[in-house]
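Protein chains in written order, with our numbering: chain A, 1 to 395; chain B, 396 to 797. Think of the CB as a built atom: it goes at the ideal place given N, C-alpha and C, for glycine as much as any other residue. Model, not experiment: these values are computed from the prediction.
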């Protein structure tokens, strides 16, 4: 198989590429140039490439004896990932740029170019597993090492994308083993630290970075009863669950700290309340995708939509899932259904997930990934989440 | 797989004579600045090489300052002349450069503007990539007392356009302004006459003519107001200190002699191959657009240069597919990490950004053969068709992946 190994310059993608070579594939290494902003470079040259990372990837390819190229995706990355990140925050949502990059860059723009140039698959250093059944259907599963498992950020992949994806780190028991293997193979990057956070915000100060890019306007802070408690410097600068930076003069009646419960970007209001109200037990997602074949209940719903017209389809039969809302969050048991609902006044299909244990730290814009056992069923973008006791307060 | 090397403008293989001269001096050793016998012997090798380089460029040996290469020679000229012209209380902030200079010149000028208070004025180019001496005349007509220097390359490295150097140098001289020319791509390809050109300084590089990498020269008139960039032992007319690299310079001398002796016949042979490449491309890929002068004579265009834009594809896709098929070419411009960006030279010539992204440069040299050209013409139609199907990097991916 002709394989394009996407190489960040880190240890995971290096070992993944090496394993693809060992498996007998015809491998070419490609480093993606994603940034032109000088501030995001460890070492810079004309502000177009991360020289050190690119050079690390090149040296691994030298050691493997495979060709190496740098491909420029900075324009697409800016438009599809960076600009989208800012826009989502500006609309009061909390996006995950790594998922967006997988969805739009690595397994779309890059994969498309790779396939057009004669490759059969893109190989990455993600910790996740793809299986194939007798009929040729692919499934996405958690990696052997649950602590490193990255199936969550791959939850956006579709069946077509999984058909062209190779994750050689699927069965690795631990990250330590990957580092040991890199050292054994003589890769200079064996001890290179893991990358953290968001690659285009080098100092990790996401709020500061956003505040330079989002126009803020002073607005009101209200409690859940609608009473004005104070003013804020701009609703768009807040995230659901945030406690710091509220600067409300008066303490709450019960003396307990208050948290951001809801951001209303249209009216520029921030709703605050006690921690308990952050707990939600129903989540509504939109734009669902399936990592492989949809479950039977979903297939039935799509067939009903087609037969009855989208507006009249009855909700799907419920199906049991484990729901996960962040990359490193614990999944919780839940029941899922597809329904016809309404989003921003427009009819839309929703994935409604009722949790059996309530969750905190859920925010609109985050991705809800649903699992059955180790299998990733699919994902949807969260647009609303609430406690069934107080459905009027929606994160 | 048969490898076809069509990137001689990037570097060309070392010639056997140069390799021999270099290794011989490496074995012999000696510091050319030492006063004893070993030193004198090394000095003799360096001076003989200086004479050969000078002879190949129609300059005097005393005018040849050896450097670590073309980039250092350009740095010495641009910064050295700028500081020399602004010494002793003079104020000459204006720096005139063409819009198609190599980074070795363009980035020096930009650095001077950023850090030293220089003001850059750019000479425009026509759609062939050529400057017009009348534009320089207009720039200098209003008074040139505040102009530090003018710099225009002898011939462009991407599209091969030969510049009217003698006339430009004449205009600069009439205004009393020093004139620098970057002749890195022209040395070995065109007859270079430093004295006849009227230039104040001229940069050349060894590895473009069959010498090793890491050696070059700035040719400078005896009166060129050059300030040193590298201080130390006072070697090379006291403008370029550092132990003189006798082995590399020996190789440079040997390659310069070969280039001078074989120039007429070799450049005619190479131009013949290039003409076949250009004609063949019109049949193989009719959509390809030749960039740079359409007149292929060596007064207009470097003999080994063929440069095209291929509509609807990324230059790096085409480069990848050609490389996989065994043909080595260039997108014409690259930064350190190897990311191609739309060429500033093409943009200055008025080529649109999308078209500029599909650039591919093929450059022939002394090792090139007719088979090389045939092989390129054989593989390019399929490579182009496939590169085109991969599309442009700024287009959104298709719905297949959503």
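Beta-carbon spacing of residue i, residue j below 8 Å
| i | j | result |
| --- | --- | --- |
| residue 705/B | residue 682/B | yes |
| residue 234/A | residue 220/A | no |
| residue 398/B | residue 710/B | no |
| residue 355/A | residue 332/A | yes |
| residue 395/A | residue 261/A | yes |
| residue 807/B | residue 652/B | Nothing can be reported for residue 807/B: it is not among the residues displayed for chain B, which extend from 396 to 797. |
| residue 63/A | residue 186/A | yes |
| residue 491/B | residue 534/B | yes |
| residue 2/A | residue 120/A | yes |
| residue 740/B | residue 553/B | yes |
| residue 675/B | residue 772/B | yes |
| residue 214/A | residue 236/A | yes |
| residue 27/A | residue 5/A | yes |
Beta-ladder partner(s) of residue i, from DSSP
| i | result |
| --- | --- |
| residue 700/B | 758/B |
| residue 575/B | 546/B, 596/B |
| residue 394/A | 386/A |
| residue 379/A | 289/A, 369/A |
| residue 273/A | 259/A |
| residue 221/A | 230/A, 270/A |
| residue 346/A | 343/A |
| residue 518/B | 493/B |
| residue 71/A | 32/A |
| residue 725/B | 756/B |
| residue 585/B | 582/B |
| residue 15/A | Answer is none; residue 15/A lacks a bridge partner. |
Per-residue DSSP class, three states only, for residue i
| i | result |
| --- | --- |
| residue 226/A | coil |
| residue 639/B | coil |
| residue 732/B | Summary for residue 732/B: the model assigns pLDDT 44, below 50, so the residue's position carries little reliability; its value from the coordinates is reported in the next sentence. Residue 732/B: coil per DSSP, three-state reduction. |
| residue 43/A | Because residue 43/A carries a pLDDT of 38, less than 50, the predicted location of this residue cannot be relied on, and the following value inherits that uncertainty. Coil, per DSSP. |
| residue 4/A | strand |
| residue 767/B | helix |
| residue 327/A | coil |
| residue 49/A | Here the model assigns residue 49/A a pLDDT of 46, short of 50, so the residue's position is not dependable, and the following value carries that caveat. The answer is coil: DSSP assigns residue 49/A none of H, G, I, E or B. |
| residue 437/B | helix |
| residue 26/A | strand |
| residue 744/B | coil |
| residue 617/B | coil |
| residue 775/B | helix |
| residue 612/B | strand |
| residue 295/A | coil |
| residue 141/A | strand |
| residue 462/B | strand |
| residue 38/A | Note that residue 38/A scores a pLDDT of 40, beneath 50, so its modelled location is shaky and nothing firm can be said. |
Spatially closest choice to residue i from the options, by CA coordinates
| i | options | result |
| --- | --- | --- |
| residue 259/A | 369/A, 269/A, 278/A, 187/A | 278/A |
| residue 78/A | 240/A, 33/A, 52/A, 115/A | 33/A |
| residue 794/B | 21/A, 2/A, 103/A | 103/A |
| residue 649/B | 528/B, 583/B, 790/B | 583/B |
| residue 786/B | 35/A, 56/A, 115/A | 115/A |
| residue 69/A | 307/A, 54/A, 81/A, 82/A | 54/A |
| residue 551/B | 758/B, 768/B, 416/B | 758/B |
| residue 538/B | 483/B, 572/B, 623/B | 572/B |
| residue 718/B | 777/B, 690/B, 473/B | 777/B |
| residue 513/B | 536/B, 474/B, 522/B | 474/B |
| residue 324/A | 299/A, 348/A, 363/A | 363/A |
| residue 484/B | 598/B, 541/B, 450/B | 541/B |
| residue 784/B | 769/B, 753/B, 767/B, 772/B | 753/B |
| residue 9/A | 205/A, 56/A, 51/A | 56/A |
| residue 339/A | 321/A, 345/A, 329/A, 314/A | 314/A |
| residue 684/B | 708/B, 723/B, 601/B | 708/B |
| residue 779/B | 335/A, 118/A, 81/A | 118/A |
| residue 240/A | 230/A, 199/A, 93/A, 109/A | 93/A |
| residue 472/B | 686/B, 574/B, 665/B, 435/B | 574/B |
Original post:
Pairing CB atoms from the region 579–595 of chain B with CB atoms from the region 423–430 of chain B, are three or more of them under 8 Å?
Top reply: no
Original post:
Does the count of Cβ pairs from the region 158–178 of chain A and the region 288–298 of chain A closer than 8 Å reach three?
Top reply: yes
Original post:
Does the pairing of the region 458–473 of chain B with the region 603–618 of chain B give three or more beta-carbon distances under 8 Å?
Top reply: yes
**OP:** Could you say if the region 559–572 of chain B and the region 523–536 of chain B meet the contact criterion of at least three C-beta pairs nearer than 8 Å?
**Re:** yes
Original post:
Any contact of the region 143–157 of chain A with the region 122–134 of chain A, i.e. 3+ C-beta pairs under 8 Å?
Top reply: yes
**OP:** Please confirm if the region 761–768 of chain B is in contact with the region 398–414 of chain B, defined as three or more CB-CB distances below 8 Å between the two stretches.
**Re:** yes
**OP:** Could you tell me whether the region 624–635 of chain B touches the region 442–461 of chain B, where touching means 3 or more Cβ pairs closer than 8 Å?
**Re:** yes
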